[in-house]
Structures are given as structure tokens and as C-alpha cells.
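In mature numbering (1 follows the signal peptide of the UniProt record, and there is no 0), the protein residues as written are -20 to -1, 1 to 672.
Every residue gets a Cβ at the ideal spot worked out from N, C-alpha and C, and that includes glycine.
A short worksheet on the structure shown next.
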Amino acid sequence: MTRTLIAAAVLTQMTAIAYAVETTATPAAPVAATAATSPAPLISGIDAQNADTSIRAQDDFYDHVNGKWIKNTEIPADKSRWGAFNELAENSLNQLHTIVDTISAKKDIPAGSVEQKIADLYASYTDEAALEKLGVTPLNAEFATIDALKDKKQIAAYTAHLAKIQVSSPFELGIGQDAKDSTKIVAGFDQSGLGLPDRDYYLKDDEKLKDARVKYQAYVEKLLTLSGDAKAKENAVAILALETELAKVQWTKVQNRDPVKTYNKVEVAKLAGLVPHFDWNSYLVDTGLKDKITYVIVAQPSYLKGYDQVLQKTPLDVWKAYYKLRVLSHFAPDLSKAYVDENFAFYGTTLRGTPENEPRWKRGVKTVEAALGEGLGKLYVEQYFPPENKARMEKLVNNLITAYHQSIDTLDWMGPATKKQAQKKLATLMIKIGYPKKWRDYSALEIKKDDLIGNEIRSAAFEYAYQLNKLGKPVDRDEWEMTPQTVNAYYNPSLNEIVFPAAILQPPFFNANADDAANYGGIGAVIGHEISHGFDDQGSQFDEVGNLRNWWTKQDHEKFAKKTKALVEQYNAYSPVPGYNVNGELTLGENIADNSGLAIAYKAYKLSLGGKEAPIIDGTTGDQRLYLGWAQVWRNKIRDAQAIVFVKTDPHSPAQFRGNGAVVNQPAFYKAFEVKEGDKMYLPPEKRVIMW
């Protein structure tokens, strides 16, 4: 099963584009394209076969670029959506599969090596016959621990245990940088513990969400019944009621976007004041936090107070049923077929509309990646990441940085003092491309060929120990939060860094054989997107060394808020599914980044030309290819159920609105495609949101 690292969301606000040798960013001279002695003809980089020329670019740019692909493409049966990101992710998965199969075919693999762990973990996942014989028995020890709980005071120790094996409980432990002192690693708590995607699924009267609640209760009952619970139906009702009470006191996704309100420093001795009915001493001892910390960062203090009330009034037997469900649901994908099927039927089909589960090999490779990500990543880079891709990316990044440096001085929403600080922040931006300088050491992780659940638990405990060991140590600025084989990118404000894994540096984002225009519209805009997070409504609250500090003037904030208010209103009007509109406040940071990243990519592309005219390729100008390159990376089809989940939970806007929403605010787009008043893509100049 896929598992995330110990969350650090309460400590820092890392932002990614989607759903290594490092370089320090300093003002650099524009890097102009240079001609080789015998240059090969460059292609346009635009997938023209995907276009629907019956749709005018001036009326629906996204469908004009991707319309034929949308009409002719079927979402694979094992996917809830399909698009450029998914295509690359699938390609990466196939490459990893080749690596895993090659290793698995070897004989006499040294015991304790990364290769042995990869081969044996994959074997433990793909041996379905053995898993069928075991059924739910690998979880018997967990169930016995739950059954042995005699009073609610013991819940604290069990919650600590779940934190160590990364199973969800009502609040989540995170270890990461202190948002107000980026030199320190601290612990923090964040709300958690729901089986449905968001609090809205429990609290809204919307028919689809109500139906999801009914089916969730049925899922809980089926899972408990499979495990031998004689009171499965009664417990399912009680669990849904318990989770609903937790949902009532949780903060909304929009509230959780505020890095100031979610930073609440609480001395360890005062935790009992937030949750007096929770045995903090047992929890701190069992998590290993005792004597390592003097304070924690609490994301939602009112939630912890609300959790205390729920803890107090909910009978112990209900809590035991709840924890049994949390364990069952977490490990269900690793058990026998009956559990796998029930888990997928709800989380895959009911919630996301996906008809079929992925083949076993795909899930097996993802399991290996979750546990041994950088072990696989090192092998991936050696085989699939050409060094020349990295070198060309560095040139492109330099032009993006230069464009930002130049643009800061022309901004109408920053005053002189803030511009000076912004230049300082940009100058200290760290850039990581491809893969980390150093790789993780997995020697302490024990993997057995015939013990899948044990492997999962030991992998989680290994990761927990790795994170816990950071407390009291200097911040490792070379560490990555994504593996090289991940098709994504991110900005981390506490490190003031942007990171681009190797796997995203492929067409349509980056094509080494293409003219630079499409690359600037693709990966260039992605780079610009990530850099801009340092200056959006969240990232702008962190300074050049990664500390949460207000370095803007009041006037700057007011001007910025006026611009972003218009952006909120623009995206609020978009609807991917009838009756479900985009939440412009939830998606604001990503919409700002799309707007800014595309604008800067255009400026950087112009710098790359060195004053020369762009070539005409396949009848398109350089400016046209840049915007076409932007729209094609967002080609996507999605099932309605998954679209609703994203509307409720995802800070990114739906793909079609990313493709169209950013370009209507770009003045150069209107000139490139002769968009005029009366065209559907036309937005009056006074309504265009120009950030950079």
C-alpha cells in the first residue's frame, strides 16, 4: 500500500505542482540559445495530433489544444483520472517494474543489501497464495492489544503506537522544521482520524456526500464482519457517529491554509490544558518524545479541545471498535483478497469512480517505492536520467530566476522596502534538480520475503525512527521530500527551495529534442509556478531563511489582497461537475502560482532568445508554442466522483481550468492568438489579474 512520510504539514507549508546537484539562485545573465556546428532540426514540442481544430483557440484554448485527445482517450479502468501527469507516472512505474523484476531474477543477492530488500518486499506482496492462507491473522497482535485496553487512559499509549506504525488516529504527529525558527526540528500535531476524505463528507446535506456516508458505514460493517466482529453493524453505526463528532470540531481546508493561525507553540507541560483526559506522559514516553522536546506546534488548538470532549463522552468499546477499523482499513490492501476487494470497492470505486483495482504488480512496485523510495530512485536515475537533461534544465532555471529578479522591480503591488526583501529571498533560493546529493541508508530496515504485514510495520517504524532522530539535530538542507522517480515538483518555504525530480523532466513538460518555446510553456512554467510559491499568499509569509515572519508592509498586503480577490472570484465560477464549483479560496495559492509561473516563463523565454526572433515551426510562432505547451501539460480526463473529492480536498484547480484560467490573464496570449472582444476566451483588461 502507498504510505506517506510522517506529516510535517503543521510545521511547514510545502506546496507541489500537482495533485541532485543543487545550485544557489543568484542573479544570472540570460542564457541565450547557442547553435551547434551541425544542429539537428528541432521539433515544435507540441502534440498537434491531440488538437481539435474545430474548436477555436479564441473560444476554448484548453479544448482546442487537447480536444481530440479528450474525445479519443478512455480513462484506464484502474484509474480515476488520466492525463499527462498520469502518463508519465505510469511510464515511471513501468521503468521501476523493470528494475524490480531484474533484481528479483538475480541469484545470490547479498543479505541486507538494498537489492535484497527490494526483491523480498516485492515477493512478499505478490505472493497472493500465501496471503490468502493468512487472511487477517497477521493483524491478530494488533487486535489483541486493542482488546486489552481496560480504560480510556490507555488510549494515549495506543495512539503513540499507531503514530509509530503510521496508522491514522484522531490527531497526527509531525516532525519537521519549526516555521518560526527554521534552524530547529520540532514536533507538532495536526487533526486527523477520519475515514472519509474531508469533514464536508460528514456534515453536508449534499446528496452525493450523504450517499458516501451511507456507503462508508456499509464498508465499515463489511470490514468488521470479515474480521469476525459479532457486533459489526452496531459498531459501524457508532464509528460513523464518532467520526462525525470529530469532523464537527475539525478546521476547514481553507482555515488550514493559514500558516499563522496554524502555528501555535505549546509547552509540553501545557498540553494537559488542551486535552486533559489524555495521558500525555504515556504518549510522550511511548512516542520517544519524552526528554527530546520542550514544546510542540499545534495546528488546530480548538480541535484538540474538541477531541478531548469526544474522548471523554465516547465509551471505551466504541473507541476500541474505531481503532480496530483504523488498523483494518490501513492494512486491508495488504491482506487476503476479500479485504483488498472491500477496501478498493469503497475507496476506489465508490469514492473515486474507478472500476478496477490496479494489477498486483503495480501495487507491489508502489509498496516497494513507499518503503525503499531512494533505494529504487538511485537505480532509476542511473538508468533513465541522462546528465544532459539536467544541464539544459539548469540553463532554463537561470533564465527563470533572472526574469523574476527583473520583474520584482516592476511590480505594482510591492513597495520599495518589500521589493528589497523579495530580491534577497530570491537570491537565496535553493534549487534541486533530478536527484539528491546523498542517498538514504536502509541498512537498519529488516525485510522478510514471507512477512508482508511485518514488512509494512517495520518500514513504518523505520521511517518513524528516521524522523524522530532529527530532533535536536541540525537541519539537513540536502534532504529531499520526493523521490527522483516522482512526477511532480515542490516548493518548501522553510528551506526556501524548489525541487524538480528527474521523472517530471520528460515530454510534454520537457523535451530535449524540442525548440525551447514549448519547454518554457511546460517545465518552464512549472519552475515559475514553484518559485512563485515563495511570494504567494502563504509563501510570502516566510522570509529568505525560511522563518514565518511578516516582511510585507500593510499597503503591500492590501494591494495583493485586491488582486487575489479577483482571482478567487474568477475560479469560484468554474465548475468541473454540475453543482460543484471550484473553491477559489482553497485553490488560491496554486492559482496564483499558475498565473505567476506562466507569466515569468514567457519573460524567461524572451530572455533566452537573446534578442533574436523565434523560429516558425509547423506554422506556429514561438509565443504560440509557449502557450500551447502550457495547455498540453494539463490534458486530463477525470471521473466525476474523483472530481468531487478534489473539489472538496485539493488545493489545485481542475486541469481544464488550469489550462484556461491562467492564459486569460496573460496579455501576450491575446496577441499571440488574436483574441478579441466577443471571443469566449476574452477577459476585459480591467478584469485580468496580472501578478508578475
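Cβ-based burial, residue i [other Cβ within 10 Å; buried from 16]
i, result
"R340", "exposed"
"K400", "exposed"
"K86", "exposed"
"M661", "buried"
"E654", "exposed"
"Q292", "exposed"
"residue 682", "Only positions -20 to 672 of the chain appear in this structure, which leaves residue 682 out of reach."
"D392", "exposed"
"residue 692", "Coverage of the chain is limited to positions -20 through 672, which leaves residue 692 absent and any answer about it impossible."
"I596", "exposed"
"N120", "exposed"
"N530", "exposed"
"N323", "buried"
"V194", "exposed"
"A445", "exposed"
"G591", "exposed"
"N30", "buried"
"E436", "buried"
Local conformation of residue i per DSSP, three classes
i, result
"E67", "helix"
"E477", "strand"
"K617", "strand"
"N472", "strand"
"I411", "strand"
"Q401", "helix"
"E112", "helix"
"I597", "strand"
"E654", "coil"
"D100", "helix"
"I23", "strand"
"D659", "strand"
"A212", "helix"
"A573", "helix"
"T463", "coil"
"T33", "coil"
"A(-5)", "strand"
"residue 673", "In the structure as shown, the chain starts at -20 and stops at 672, and residue 673 therefore has no counterpart that could be examined."
Beta-carbon proximity list for residue i, same chain, < 7 Å, skipping 5 on both sides
i, result
"V548", "G564, E565 and L568"
"K285", "L254"
"residue 673", "Residue 673 lies beyond the residue range present for the chain, which begins at -20 and ends at 672; the question has no answer from this structure."
"N527", "K160, D161 and S162"
"E225", "V290"
"Y384", "L406, I511 and I580"
Nonlocal neighbours in the same chain, by C-beta distance under 8 Å from residue i, ignoring five residues either side
i, result
"V246", "L254, Y275, V276, I277, V278 and P281"
"V361", "G414, Y415, P464 and A482"
"E95", "I83, K86 and I89"
Close Cβ partners of residue i (< 6 Å) along its chain, the five nearest in sequence each way excluded
i, result
"L663", "V644"
"S387", "W672"
"Q197", "A216 and L220"
"T330", "K195"
"S148", "S172, G173 and R306"
"W260", "L251 and A252"
"E336", "A57 and D58"
"P367", "none"
"A37", "H44 and F653"
Cβ of residue i within 7 Å of any chain B Cβ
i, result
"A301", "Of the protein chains in the structure, only one exists, and it is not chain B."
Does the structure place the segment 587 to 606 close enough to the segment 537 to 546 that three or more beta carbon pairs sit under 8 Å? Segments in contact, no.
Could you tell me whether the segment 526 to 539 touches the segment 613 to 620, using the rule of 3 or more Cβ pairs below 8 Å? Judged by Cβ distances under 8 Å, the segment 526 to 539 makes no contact with the segment 613 to 620, as fewer than three pairs qualify.
So within the segment 243 to 321, which uninterrupted beta strand (DSSP E) runs reach at least 3 residues, ignoring any that extend past its ends? Runs found: 245 to 247 and 275 to 278.
For a minimum of 4 consecutive residues, which ranges assigned as the alpha helix (DSSP H) are wholly contained in the segment 489 to 563? Counting whole runs of 4 or more residues, the segment 489 to 563 contains the alpha helix (DSSP H) stretches 496 to 499, 505 to 512 and 534 to 552.
Pairs of beta-carbons, one from the segment 420 to 434 and one from the segment 93 to 107, closer than 8 Å: are there three or more? For the pair of segments examined, the segment 420 to 434 was found to touch the segment 93 to 107: the number of CB pairs separated by less than 8 Å reaches three.
Extract the residue ranges of the alpha helix (DSSP H) inside the segment 147 to 207, only unbroken runs of 4 or more that lie entirely within it. Taken in chain order, the complete alpha helix (DSSP H) segments of 4 residues or longer contained in the segment 147 to 207 are 180 to 183 and 187 to 206.
Meets three-Cβ-pair contact criterion under 8 Å: the segment 207 to 215 and the segment 230 to 244: No, because fewer than three Cβ pairs between the segment 207 to 215 and the segment 230 to 244 fall closer than 8 Å, the two stretches do not touch.
Counting Cβ pairs, one atom from each stretch, are 3 or more of them under 8 Å apart for the segment 397 to 413 and the segment 464 to 482? Yes, the segment 397 to 413 touches the segment 464 to 482.
Count Cβ pairs between the segment 448 to 464 and the segment 159 to 170 that sit closer than 8 Å; are there 3 or more? Yes, the segment 448 to 464 touches the segment 159 to 170.
If contact is defined by three or more beta carbon pairs under 8 Å, each pair taking one atom from either stretch, is the segment 345 to 355 in contact with the segment 459 to 470? Yes: at least three Cβ pairs fall under 8 Å.
Complete runs of the alpha helix (DSSP H) confined to the segment 40 to 65 [at least 4 residues]: Restricted to the segment 40 to 65, the alpha helix (DSSP H) segments that are unbroken, complete and at least 4 residues in length are 41 to 52, listed in chain order.
Would the segment 197 to 210 and the segment 483 to 501 be scored as touching if the rule is three or more Cβ pairs under 8 Å? The segment 197 to 210, when compared against the segment 483 to 501, does not touch it at the 8 Å Cβ threshold.
Any 3 or more C-beta pairs closer than 8 Å across the segment 298 to 310 and the segment 69 to 76: The segment 298 to 310 and the segment 69 to 76 do not touch, with fewer than 3 CB-CB distances between them shorter than 8 Å.
Runs of 4 residues minimum, wholly inside the segment 117 to 152: which ones carry the alpha helix (DSSP H) assignment? Fully enclosed alpha helix (DSSP H) runs of 4 or longer: 120 to 127 and 135 to 144.
Could you say if the segment 47 to 58 and the segment 518 to 526 meet the contact criterion of at least three C-beta pairs nearer than 8 Å? Contact fails: fewer than three Cβ-Cβ distances are below 8 Å.
Kindly confirm or deny that the segment 500 to 511 and the segment 574 to 581 touch, where touching means at least three C-beta pairs closer than 8 Å. The segment 500 to 511 is in contact with the segment 574 to 581.
For the segment 342 to 403, list the beta strand (DSSP E) runs that are entirely contained and at least 3 residues long, ordered along the chain. Those beta strand (DSSP E) runs which fall completely within the segment 342 to 403 and span 3+ residues do not exist here.
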